[in-house]
Amino acid sequence: MAGTFIPSFPSRWYDVKVTVSSTAPKATKMRIEVQREEDQRWLAEVLDLPGVMAYGDTRDQAVVKAEALALRVIADRIDHGESIPELDDLFVVSA
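Just so you know, we're using this note's numbering here: the sequence shown kicks off at 23 and counts up by one.
Quick look at the structure:
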């Protein structure tokens, strides 16, 4: 991670549930760590998806951008046939 973090702005964890419908067997939770940098920008990092991080002018903006990027990364992995074990039980294909 680039930059030095200001200790007076403690990191917080957010649990983000990724669900498709209320009938999904279980939700996958992805942890987001949020910190403020010396230049006053907020950085949100999705810890369960290495390299997925986003900056924002506000904490909420950084979190929203990180969530959107995480969903795009997951969709890209599915499109390219990569296995995502956390999502194995999300979809049920009828016989």
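Using N, Cα and C, we set each Cβ at its ideal position, and we do this for glycine too.
Starting from residue i, follow the beta strand (DSSP E) in both directions and report where the run begins and ends.
i     : result
ALA66 : 64-68
GLY78 : 75-78
Quick check on this structure: which residue in the options has the alpha carbon closest to the alpha carbon of residue i?
i     : options                       : result
GLU60 : VAL86, ASP79, GLU89 and LYS87 : ASP79
VAL95 : ASP70, VAL114 and GLN62       : ASP70
MET52 : TYR77, ILE100 and PRO72       : PRO72
ARG81 : GLU67, VAL74 and ILE106       : GLU67
ASP98 : VAL74, SER116 and VAL115      : VAL74
GLN62 : ALA117, TYR77 and VAL114      : TYR77
Let's see if you can read the secondary structure: which residues bound the alpha helix (DSSP H) around residue i?
i      : result
ALA117 : Note, ALA117: premise wrong, no alpha helix (DSSP H); not H, not E.
ILE54  : Premise fails: ILE54 lies in the beta strand (DSSP E), 50-58, not in any alpha helix (DSSP H).
ILE96  : 81-101
For residue i, is the classification buried or exposed, using 16 other Cβ atoms within 10 angstroms of its Cβ as the cut-off for buried?
i      : result
GLN57  : buried
LEU65  : buried
ALA92  : buried
MET23  : Only weak support is given to the placement of MET23: the predicted model assigns it a pLDDT of 46, under 50, and the value that follows is read from those uncertain coordinates. Under this definition MET23 is an exposed residue.
GLU89  : buried
ILE106 : exposed
MET54  : One detail in the question is off: residue 54 reads as Ile in this sequence, not Met. Buried, since its Cβ has 16 or more Cβ neighbours within 10 Å.
Does any residue of chain D have a CB that is nearer than 7 Å to the CB of residue i?
i      : result
PHE113 : Among the chains of the structure shown, chain D does not appear; only one protein chain is present.
Inter-stretch contact at 8 Å, needing at least 3 Cβ pairs: the region 80-88 / the region 106-114: The answer is no - the region 106-114 does not touch the region 80-88, with fewer than three Cβ pairs under 8 Å.
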